[in-house]
Structures are given as C-alpha cells and as structure tokens.
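Undergrad: Sharing a structure here in structure tokens format.
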Amino acid sequence: MLDPTLFDRFTMGFSLSVHIVIAVIGVVLPVLIIISDYLWLRNNDNYYKVLSGRLTTAFVILFAIGTASGMLVAINLLFLWPNFMALVGQVAMSPVYLEVFAFFTESIFLTVYIFYRDVFRSRYARIIVMIPVAIGAAMSAVLITVLNSFMNTPVGFNIPVYLQNGTITNVDPFAAFSAPAVGIEVSHVLATSYFAGAGIFVAFFALMLLYDRDKKLRIYHTKALKVSFIVMVIGVVLSLITGVLSIEGLYSIQPEKFAAIEMNLNSTAHAPEIIGGIYQNGSISYALLVPDLQSILATGSPSGAVPGLNQFPRNTWPPLIIHVLFDFMVIAGACTGLFLSIVFLLFALKRKVFENGFTLKLLVLSGIISVVLLENGWMVDEIGRQPWIIYNVMTVSQAANTSLSIVPIATLIVAIYLLVIPLTYLALTRVFKERRLDKEL
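This is the structure in structure tokens:
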C-alpha cells in the first residue's frame, strides 16, 4: 500500500530543491546590478551599462518565476503539512507575514527601477532605488530562515503543555525571532546565498569566455566575470566562517544532530574527527580518525567532551547518511575555497587569469560545485532534523497529510516543477536571442 507521507516528503523536498536555486539567484542579482551600475556611472563604461541591463532583464524573468514558485511552496505547506501549519499559524507566523512586506518592498522598488531608472535627475538615483530591492530580497531569505530556525529550536509557547494535551498556551508570536538557531542560520544562509548565487554567474561567464572569439564579447564577459567573481569570493569566505560557527552552534543547541553529523556513537572527551565510515552493527568501519580534532573544533580544547547518539532514543536518531553528506560538503567546500583562493591571488597580482583556459575551467567547476554545496547543505540541515519537523515537538509523520487523495496533487506539483526548469531556460534564451549582445555593445 502506498504511504502518502513518502509523497509528501518527496514533493516538498523536490519543490524546495528547485525553488532554492531560483531564490539564491534572486538574492544575488540585485547586488550584481548595483555593482554594474556603479562601475558604469563611475567609469562611463558602456560594457557595464549593457551588463546591468541584461542582468535586470534576467532578474525580471526570474523574479516572476520565483514568485510563482514561492506560491507553489506555500501551497505545498498548506496541503501536505496541515498539522504543522496549524501549529505554526498560531505560534510562529510573524516571520511569514513580514516576508510579505519584504516581497512588496522588492516588487515596488523593482518596478520603479525598471520604468524610471533613465529619468532620474541624479545619475546615482538608480542605484539608490535598487538598494531596497537588494534589501527586500535578502530579508525574504532571512525571514524564511527565521521560520526554519524555529523548526530547529522551537520557542514561543508552552511546549510541555502542548506535548501533554495538544493545547497551545502562553504564545509569544514574535519569539521565533529569538530562537537559539536564528543567528547562526541566518548568517550562514545569507553567506551561502551570495556564494552560490554568484557562483552560477561565475560559471556562466567563464563558460562564455571559453568559447568567445569576438573581441568585444570577450571584453564584456571578462568584466561580467570580474563582478560576479568578487561577490563569490566574499561569499565563500563568509560561508566558511559561518559554517564553522554553525557546527559549533549545533554542539550546544542541537546535540543530537551534531552527534549524527559527526557520527559520534558515544559521548566522549578527546573526540577524534571522523572522516568517512560506515555504521554497521553498532560500530563504525572504514573511517579515518584525526585525534582530538572534533573536541578542538567543538569546544576549543582537545580534552573537551562532545555529545554522542547514545544519549538519545534510537528512534529519534537522524539518518546517519548526513555524516556522509557533511563530509562531502566540507571536502568540496575546502576544494572550492582553495580554487578561488588561487584564482584571487593571481587576480590580485594582476595576472591575466580570465584569459587562461585552465583558470576559466576551474571557475566553471567552482560555480557548479557552489550550487551542489547549497543543495547539500540544505539536505544536511533538513535530514538532520528527522524524524522531527519541529524538533522535539512534532514529527514529520504527525505533521503530514496522510490521505491518499494527496497523491495526485503531489504528482501534479512535481510535474509543474519539472516544467519550470526547461521553461525558465527557454524564456531566458528566447529573450536574449532576440536581444543580441553584439548589437547592444
């Protein structure tokens, strides 16, 4: 017999995996447009003017698609997770309400920018108008992350009473903003959004340079690559810093997830960092151990004690696959950071790094990895909270719509998202095919 919960899980996971890519592009594009406008106005450089215009066109298309995708995610929540929404609607809905205002701010100022950017008396007014768009896009990401932080570290109501009889009491609707996970989650989400969002454009512009032969097109794509590359470098540095802080934060606020990520079967001091490994019959095989490193990273001391899964009931352990996903994320993130450091060093030394085929291929690879890391990090966070949808309050099974009638709805939603990907590509290529870059230049 079909388990509707599996459809709920798959539908939500697939929807978010597509939406998250569109969302991070929407977060980084206003920043790239602002930088392009500034460089155009400061240097009177037509290449940056053309770049700003084409980025704006892409932003408008993706903004519309992202809005539709976001509405579909909201429908997912209402149809697939009714019990979850019933609780969140009473306790932690304020971030969602405020996200609507962030969306309106972004929409209004984007409209003003598109229709009036060329009629302002001040040349720099167009930049001033785009700044609220960038803030609105970032705040949308922040506010949704606040809700996710609440799911990881719930606050704002009397949890013992709710667990005892299902009654929601002592509600503080704004307590979600002070959830213990908010600081580390928001900072890491913003950093990785700029990193992965810029990485997509780095990969695209580097790929164009690998095939460009026309001199003007090469100049254009080189300038575009420099803008996106700088944002990506800043993003990867902030991602590494906030990533370390995030894993340290898990040590104190979500010790069960921390133990699963590190594959700690038992609480211990002088804990080694476990790289790789397979869980078999209550033990770990085929793992590389780095003595004391885990204790140092988590507590600052080689003798520091770290939590183990033995502290928690076996039926609440997160799937230990997150250990493998986390190891991949750390290794791939370190490699990408190394790649970008090499390119940035050569760039700072005035080397012609954007004319070198090997360097360009390295940037294409880094951009692709940045998106993989984004998806991987999201999976570590969400799978690491299983079996809970709200940690220690409500399980995924309790939150799900278990009616078989949900199966066709879930199937339709997945089908729509399968169409979103090619249709987005076709829309962008159709528009830019009609607006030939060589003619604009």
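First residue of the sequence shown? That's 60 in my numbering, and the numbers climb one at a time after it. All residues carry an ideal CB built from backbone N, CA and C; glycine is no exception.
Taking 7 angstroms as the cut-off, decide whether the C-beta atoms of serine 464 and threonine 64 are in contact.
TA: Not in contact: serine 464 and threonine 64 (Cβ atoms no closer than 7 angstroms).
Undergrad: At what residues does the alpha helix (DSSP H) containing arginine 430 begin and finish?
TA: Sequence inspection shows valine at residue 430; the arginine mentioned does not correspond to that position. Where valine 430 is concerned, the enclosing alpha helix (DSSP H) stretches over 416-442.
Undergrad: Tell me whether the region 175-186 and the region 217-227 touch, counting them as touching only if at least three CB pairs, one residue from each stretch, are closer than 8 angstroms.
TA: Flag = no, the region 175-186 and the region 217-227 do not touch.
Undergrad: To which residues of the same chain is glycine 396 closer than 7 angstroms at the C-beta, ignoring the five residues directly before and after it?
TA: Answer for glycine 396: Val295, Leu299, listed in chain order.
Undergrad: Could you check the C-alpha separation between alanine 82 and leucine 268 for me, to the nearest Å?
TA: Distance between the alpha carbons of alanine 82 and leucine 268 is about 26 angstroms.
Undergrad: What's the gap between the Cα of leucine 482 and the Cα of valine 171?
TA: Their backbone Cα atoms lie some 27 angstroms apart in a straight line.
Undergrad: Across which residues does DSSP place glycine 335 in a beta bridge pair?
TA: Paired residue(s): Ala346.
Undergrad: Who pairs with valine 365 in a beta bridge, going by DSSP?
TA: Per DSSP, Thr327.
Undergrad: The beta strand (DSSP E) that contains isoleucine 448, what's its start and end?
TA: From DSSP, the beta strand (DSSP E) with isoleucine 448 extends over 447-449.
Undergrad: Count the other C-beta atoms from every protein chain shown that fall within 10 angstroms of the C-beta of serine 305, then say buried if there are 16 or more, exposed otherwise.
TA: Burial call: buried.
Undergrad: Taking only the alpha-carbon atoms, compute the straight-line gap between proline 235 and valine 286 and give it to the nearest angstrom.
TA: For the sequence presented, residue 235 should be read as alanine rather than proline. Between alanine 235 and valine 286, the C-alpha separation is close to 36 angstroms.
Undergrad: Any contact of the region 252-267 with the region 425-445, i.e. 3+ C-beta pairs under 8 angstroms?
TA: Yes: the two stretches touch, three or more of their Cβ pairs being nearer than 8 angstroms.
Undergrad: Determine the closest residue to alanine 283 out of Trp99, Leu477, Thr470, with distance taken between C-alpha atoms.
TA: It is Trp99 whose Cα lies nearest to the Cα of alanine 283.
Undergrad: So for methionine 71, helix, strand or coil by DSSP?
TA: Note: methionine 71 maps to helix in three-state DSSP.
Undergrad: Please state the DSSP three-state secondary structure of methionine 152.
TA: Reduced to three states, the DSSP call for methionine 152 is coil.
Undergrad: Taking C-alpha atoms, which residue in Thr358, Ile380, Val303 lies nearest to glutamine 339?
TA: The residue with the shortest Cα to Cα distance from glutamine 339 is Ile380.
Undergrad: To the nearest angstrom, report how far apart valine 479 and threonine 70 are at their CA atoms.
TA: Between valine 479 and threonine 70, the C-alpha separation is close to 14 angstroms.
Undergrad: Please tell me whether, using a cut-off of 6 angstroms, the distance from the CB of valine 261 to the nearest non-hydrogen atom of the ligand GDP is below it.
TA: As presented, the structure is devoid of all ligands, the ligand GDP included, so that no description of it is given.
Undergrad: Figure out for me which residue from Thr301, Ser199, Asn325 has the closest Cα to the Cα of glycine 242.
TA: Checking every option, the nearest Cα to that of glycine 242 belongs to Thr301.
Undergrad: Threonine 454 bridges to which residues according to DSSP?
TA: The partner list for threonine 454 (beta bridge, DSSP) reads Trp447.
Undergrad: Please state whether the Cβ-Cβ distance between leucine 136 and methionine 144 is less than 7 angstroms.
TA: Yes. Within cutoff.
Undergrad: Could you tell me whether the Cβ of arginine 185 comes closer than 7 angstroms to any Cβ of chain D?
TA: Protein chains in the displayed structure number just one, and chain D is not present.
Undergrad: For proline 350, is the classification buried or exposed, using 16 other Cβ atoms within 10 angstroms of its Cβ as the cut-off for buried?
TA: With fewer than 16 other Cβ atoms within 10 Å, it is exposed.
Undergrad: Using a Cβ-Cβ cut-off of 7 angstroms (strictly less than) and excluding sequence neighbours within five positions of phenylalanine 406, which residues of its own chain qualify?
TA: The residues are Val412.
Undergrad: Where do the ends of the alpha helix (DSSP H) carrying serine 199 lie?
TA: That run of the alpha helix (DSSP H) goes 184-211.
Undergrad: Applying the criterion that 16 or more other CB atoms from any shown protein chain within 10 Å of the CB defines a buried residue, is phenylalanine 209 buried or exposed?
TA: Classification for phenylalanine 209: buried.
Undergrad: Buried or exposed: isoleucine 203, going by 16 or more other Cβ atoms within 10 Å of its Cβ?
TA: Counting Cβ neighbours within 10 Å, isoleucine 203 comes out buried, since at least 16 surround it.
Undergrad: Between the region 315-322 and the region 368-376, are three or more C-beta pairs nearer than 8 angstroms?
TA: Yes, the region 315-322 touches the region 368-376.
Undergrad: Count the other C-beta atoms from every protein chain shown that fall within 10 angstroms of the C-beta of phenylalanine 198, then say buried if there are 16 or more, exposed otherwise.
TA: Correcting the residue identity first, residue 198 is methionine in this sequence and not phenylalanine. By the neighbour-count rule (16 or more Cβ atoms within 10 Å), methionine 198 is buried.
Undergrad: Less than 7 angstroms between the beta carbons of aspartate 96 and isoleucine 186, yes or no?
TA: Cβ distance < 7 angstroms, so aspartate 96 and isoleucine 186 count as in contact.
Undergrad: Please list, in chain order, all residues of the same chain as leucine 496 whose beta carbon is under 6 angstroms from its beta carbon, the five residues on each side excluded.
TA: Once the five neighbours on either side are set aside, leucine 496 has no close Cβ partner at all.
Undergrad: Between the Cα of arginine 272 and those of Ile449, Thr115, Gln445, Gly416, spot the shortest distance and give me the residue it belongs to.
TA: Cα-wise, what sits closest to arginine 272 is Gly416.
Undergrad: Whose C-alpha, out of Glu493, Ile343, Val214, is nearest the C-alpha of valine 230?
TA: That would be Val214, whose Cα lies nearest to the Cα of valine 230.
Undergrad: Can you give the Cα-Cα distance for valine 439 and alanine 123, rounded to whole angstroms?
TA: Whole-angstrom Cα-Cα distance: 29 angstroms.
Undergrad: Here's a check: name, in chain order, each residue in its chain whose Cβ is nearer than 6 angstroms to the Cβ of alanine 469, leaving out the five neighbours to either side.
TA: Cβ within range, chain order: Phe66, Thr70.
Undergrad: Rounded to whole angstroms, what is the Cα-Cα separation between isoleucine 79 and alanine 391?
TA: Spanning the two alpha carbons is a distance of roughly 19 angstroms.
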